[in-house]
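Residue numbers (the numbering used here), protein chains in the order written: chain A, -4 to 183; chain B, -4 to 183; chain C, -4 to 183; chain D, -4 to 183.
What follows is one structure encoded as structure tokens, with my remarks underneath.
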DNA sequence: AATGAATGAGCGTTCATTCAT
DNA sequence: TATGAATGAACGCTCATTCAT
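As structure tokens, this is what we get:
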């Protein structure tokens, strides 16, 4: 009998530990040695679980997407009025700002390394968007798909601005404004 | 008898030709040889004008930022009502979608390769944001800095969504909605 | 309660299955994993029976040499005249051409990986030659050691030509000629 | 202007120096680093002249084949009777024994790394055989193609026997016997 | 000024071997 | 006994950079 290891579970543990590594250096710039070191395994072990750097990255993005959605949906609950909810969103984003920024780094990297066709073919990650939409619906009680897309787009924009080091955009301030605009638009 | 060349001007010509190269492969993944080929010069020549790959990239981002702002401000003119203006913005973004996406790739790459400190120190690119804000002011006639930040943030979010292959977000549709929300919010 | 296995016999079974593996890829190019797969055991088991890749190869060559001689001597019987015997040899070589070529691959590999000294020291495989000579004596009824060496040398040359893809050399034709030359030489 | 180098000529110089390297370790066992060291260049330079290890080896075999034929044809001249010629051949082979053995190592390696189809397709090296045949014709004054093939086959067998460390086969002795057998066969 | 040959550290990956089970 | 997970040195190859011309 060989060393007893749950191959599949250990693979996922390794993937989970990759987040900061890919976020901070980017796919192309990080080396398999650095990843192995960060994961505290040898390069050989890395290749025992993943056939290539590319495959490791793709499996990682898939796994991280799932986690990201679970995290977000779990945290956004309990606020009452639209305004309260928008501000709760702001607090959530502020609290997780670093994580969100890293996630943007990872996704941008991911999409840059896919050619457009590949993205359209496998559709790949539209289900992520879909789940986000559902979360936005639950949070804001809004059905209008265009309006939900508006909110999500704005959130992404917020994170992107912070990523760019734009300290003039304040997340809570902007979320408060979002709340007001939604209210104004809906009561009209 | 050296070839007579305006060193400074040629340097800028070379930088201008780098856009697609950096956008499509990313800083880490593209090689100096590929850049040299794309620019139709030898690697030796590249190093004659730029001391290193890093320096080339940084000079490129600086130059491209300036161009980006010039382009954007030049194109957004003439619409009358707030609604018309928001929709003009939508048309502009749709027309330049590929360019905008590439620009996001480049900037994300750029910020990823800076450590946070470096970003804050040289402030670096806050003047870009500033110019965008001025452009937004000119376009929408809005003075409120938080509101302007809201609009810019939303625009960045739009481009980011497209970059992620999210075809469910329609730029014109979202811009129309932006116009309505601004109107509703301001008349209130 | 260990599985009951005749260690020594299983070792030989494993060696016997190595023939094609070493012949087709060569010692340096084949990996222990590939060998293990070909033998339908784990690498661990392989190392349980053989201390190293080198040792495995050397034990394999020794075992295969013995088999090779047994095969050859068993098959060459019954022809009467010198001419008939030479032609019987031709038929045998044609029938086993692939095997013979593989055997050349293996032996060349083996001798290449020994430095000259090692070959002379352990004498290593001269007994193989010796057995071949005895077989040639039995087959052709020739005592002259130089003449027997001539015949064996020629046979090796035949196989080597085929290995090199030289389709212009026909084994039966050449064996017929060998018969004629031997006859002419001996009757003289 | 770059460093002035005749790319093509230097490439051939490098190939010429590869002989012992490939002969002594074999294609699969020798590393590009070892080759670079043996050639006194860096690995980078090696890859500047050859796109891959495989390509280097194939170019090397092609170049070495040409040299081999030139060498052999140049040296075999001047003997008078058939017997004298056979013995001249013996002397030549003895003198070049090491080289011939190395050449066998290289060719066997080469053919092992080609699949059978590839060998038949490009025919590849039949022209080598052809030139050898011409040389044998010139040396022995023999037209019969089967007989020439016999002689060449025997020569290859001789070299192969020596490669295998078979010291009981004496090249001059065997060549003398070859002369006698040819004479006996032809006068008959 | 401009070229591209040369370098060698470092990349993604493989492999003989070890060892916990 | 038998397994296959784990290791890390070493592989083929690439790359930013230097420098003779």
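Using N, Cα and C, we set each Cβ at its ideal position, and we do this for glycine too.
Quantities reported herein were computed from a predicted structural model and do not represent experimental measurements.
C-beta neighbour in chain B for residue i, strict 9 Å
{"i": "residue 37 of chain A", "result": "no"}
{"i": "residue 132 of chain A", "result": "no"}
{"i": "residue 150 of chain A", "result": "yes"}
{"i": "residue 42 of chain A", "result": "no"}
{"i": "residue 77 of chain A", "result": "no"}
{"i": "residue 65 of chain A", "result": "no"}
{"i": "residue 70 of chain A", "result": "no"}
{"i": "residue 89 of chain A", "result": "no"}
Pairwise C-alpha distance: residue j and residue i
{"i": "residue 166 of chain D", "j": "residue 66 of chain D", "result": "19 Å"}
{"i": "residue 178 of chain B", "j": "residue 76 of chain B", "result": "10 Å"}
{"i": "residue 16 of chain C", "j": "residue 28 of chain D", "result": "27 Å"}
{"i": "residue 172 of chain A", "j": "residue 142 of chain B", "result": "8 Å"}
{"i": "residue 21 of chain C", "j": "residue 39 of chain C", "result": "22 Å"}
{"i": "residue 91 of chain A", "j": "residue 70 of chain A", "result": "11 Å"}
{"i": "residue 80 of chain A", "j": "residue 68 of chain A", "result": "13 Å"}
{"i": "residue 4 of chain D", "j": "residue 32 of chain B", "result": "26 Å"}
{"i": "residue 49 of chain C", "j": "residue 24 of chain C", "result": "13 Å"}
{"i": "residue 150 of chain A", "j": "residue 147 of chain B", "result": "12 Å"}
{"i": "residue 139 of chain C", "j": "residue 176 of chain C", "result": "15 Å"}
{"i": "residue 160 of chain A", "j": "residue 131 of chain A", "result": "26 Å"}
{"i": "residue 180 of chain B", "j": "residue 152 of chain A", "result": "20 Å"}
Three-state secondary structure (DSSP) of residue i
{"i": "residue 163 of chain C", "result": "coil"}
{"i": "residue 43 of chain B", "result": "helix"}
{"i": "residue 37 of chain D", "result": "coil"}
{"i": "residue 22 of chain B", "result": "coil"}
{"i": "residue 1 of chain D", "result": "coil"}
{"i": "residue 137 of chain C", "result": "coil"}
{"i": "residue 75 of chain D", "result": "coil"}
{"i": "residue 183 of chain D", "result": "coil"}
{"i": "residue 170 of chain B", "result": "helix"}
{"i": "residue 90 of chain D", "result": "helix"}
{"i": "residue 128 of chain A", "result": "helix"}
{"i": "residue 61 of chain C", "result": "helix"}
{"i": "residue 109 of chain B", "result": "coil"}
{"i": "residue 12 of chain D", "result": "coil"}
9 Å Cβ cutoff, residue i in contact with chain A
{"i": "residue 160 of chain B", "result": "yes"}
{"i": "residue 94 of chain B", "result": "no"}
{"i": "residue 173 of chain B", "result": "yes"}
{"i": "residue 145 of chain B", "result": "yes"}
{"i": "residue 155 of chain B", "result": "yes"}
Chain-order list of residues whose beta-carbon lies under 6 Å from that of residue i (same chain, five-residue window excluded)
{"i": "residue 6 of chain A", "result": "44"}
{"i": "residue 95 of chain A", "result": "154"}
{"i": "residue 85 of chain B", "result": "166, 167, 170"}
{"i": "residue 128 of chain D", "result": "143"}
{"i": "residue 134 of chain A", "result": "71, 80"}
{"i": "residue 158 of chain A", "result": "96, 99"}
Cβ shell of residue i (< 7 Å), same chain only, five flanking positions each side left out
{"i": "residue 55 of chain D", "result": "10, 13, 17"}
{"i": "residue 98 of chain D", "result": "63"}
{"i": "residue 156 of chain B", "result": "164"}
{"i": "residue 37 of chain C", "result": "31"}
C-beta neighbour in chain C for residue i, strict 9 Å
{"i": "residue 165 of chain D", "result": "yes"}
{"i": "residue 187 of chain D", "result": "A query on residue 187 of chain D cannot be resolved here, the shown segment of chain D reaching from -4 to 183 and no further."}
{"i": "residue 20 of chain D", "result": "yes"}
{"i": "residue 100 of chain D", "result": "yes"}
Residue i CB to nearest heavy atom of the ligand SAM below 8 Å
{"i": "residue 101 of chain D", "result": "Of the ligands one can find in the structure shown there are none, so the ligand SAM has no counterpart to examine."}
Proximity test, Cβ basis, 9 Å: residue i and chain D
{"i": "residue 1 of chain C", "result": "no"}
{"i": "residue 16 of chain C", "result": "no"}
{"i": "residue 55 of chain C", "result": "no"}
{"i": "residue 27 of chain C", "result": "no"}
{"i": "residue 52 of chain C", "result": "no"}
{"i": "residue 84 of chain C", "result": "no"}
{"i": "residue -3 of chain C", "result": "Confidence at residue -3 of chain C is low in this model, with a pLDDT of 44, below 50, so the placement of that residue should be treated as unreliable; the coordinate-derived value is given next. Taking Cβ atoms only, chain D never reaches closer than 9 Å to residue -3 of chain C, which makes this a no."}
Own chain partners of residue i with C-beta closer than 8 Å, once the 5 adjacent residues on each side are dropped
{"i": "residue 89 of chain C", "result": "166, 167"}
{"i": "residue 184 of chain C", "result": "Residue 184 of chain C falls outside the range modelled here, since chain C spans only -4 to 183, and no answer is possible."}
{"i": "residue 126 of chain D", "result": "64, 68"}
| field | Three-pair Cβ contact test at 8 Å for the segment 87 to 103 of chain D versus the segment 87 to 106 of chain C | value | yes
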